[in-house]
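Numbering (our numbering), first residue to last: 6 to 199.
The structure appears below as structure tokens.
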Amino acid sequence: MYGMVNQGVREYILKSYGEEVWAKICSDADVQNLEFDRMASYDDSVTYKLVGAISEHTGLSSDDVLRVFGEYWVEFAGRSNFGNLMRLSGSSLVEQLKGLDNMHDRILISMPHLKPPSFELEEGEDGLCQLHYYSEREGLAPMVIGLLYGLANEAGEHVEVKQTAFKSNGEDHDIFEVKLVDHQSDHMTSGHAN
Ligand code: HEM
């Protein structure tokens, strides 16, 4: 993966645990770099090894590490040179989810070795959507859950996310049920009929 991902992991650990812990994590993961070139490609194993070492260090499961990192990524990438690409996809969560492939396609122009994921959104009744996630990689579904909460947070929306199909269980791809929690219905019940 591009170094930007590993830099995001690094920044998260530096902010939450500091330099010494980061150095220890890199050494436990047998990763030589303490920093990464954002625009260079690294073997995926570097990222997976870092996640494993963070899990060992924090006691969080690897899935939880990925979930937390996914949520952090939205803020981290939002501050990067690519941040506008994400914001220009739309102001609501649904618009952003529809624009994800387009956004990664634009990133591909600057990062030609990118192997982006692909998403497909099915919008249902009552704010219930199905998000299909396709990837060449294994094990990153928990990160998608974190990303969804992060995106919803940036958009000022509330969601409940549940994974309903698992590639890791032999299903074709991962599917998430995304429930948009409607806050409109909580108010404006003034009793004045008109
Ligand atoms: C400006 C914002 C973003 C940037 C710059 C960005 C960039 C990247 C980069 C560099 C990778 C590594 C892939 C590689 O190097 O081959 C990646 C992977 C990924 N991105 Fe994005 N991304 C952004 C936003 C998002 C958002 C909002 C989502 C929400 C679902 C998302 C979902 C993913 C997933 C799931 C992967 C893992 C790769 C895989 O599944 O195979 N990204 N992205």
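Yeah, the Cβ is synthetic: ideal placement off N, Cα and C, and Gly gets one too.
Residue i: CB within 6 Å of a non-hydrogen atom of the ligand HEM
i	result
S97	no
S140	yes
Y3	Residue 3 cannot be examined here, being either before or after the span of the chain that is shown, 6 to 199.
K172	no
A82	yes
V164	no
L119	yes
F7	The residue asked about is misnamed: residue 7 is Tyr in this sequence, not Phe. Yes, the ligand HEM has a heavy atom inside 6 Å of this Cβ.
V149	yes
L185	no
V10	yes
L145	yes
F181	no
F200	An answer regarding residue 200 cannot be provided, because it is not within the stretch 6 to 199 covered by the chain.
L133	no
I18	no
L3	Past the boundaries of the shown model lies residue 3; the chain is included only from 6 to 199, so the question cannot be answered.
L152	yes
F87	yes
I30	no
Residue i Cβ short of 6 Å to the ligand FAD heavy atom set
i	result
L90	The model depicted lacks the ligand FAD and carries the ligand HEM instead.
First through last residue of the beta strand (DSSP E) which encompasses residue i
i	result
Y138	L133 to Y139
H163	H163 to A170
Limits of the alpha helix (DSSP H) - the one that residue i falls within
i	result
Q37	Premise fails: Q37 is in no alpha helix (DSSP H) and is neither H nor E.
A146	A146 to E159
Residues bridged to residue i [DSSP beta-bridge criterion]
i	result
S46	Y7
E182	Q135 and K167
Cβ separation of residue i and residue j, assumed to be a contact under 8 Å, to the nearest whole Å
i	j	result
F124	L90	Not really, about 15 Å apart at Cβ, beyond 8 Å.
V149	G75	6 Å
K213	A34	Any property of residue 213 remains undetermined from this structure, which presents the chain solely from 6 to 199.
E159	T169	The pair is not a contact, with the Cβ atoms about 24 Å apart (cut-off 8 Å).
G104	S94	3 Å
G155	W78	7 Å
Chain E within 7 Å of residue i, Cβ atoms only
i	result
Y7	Given the protein chain composition of this structure (a single chain), no chain E is represented.
Just to confirm the assignment: which complete alpha helix (DSSP H) runs, minimum length 4, are found wholly within the stretch 51-128? 67-83, 88-93, 98-103 and 105-115
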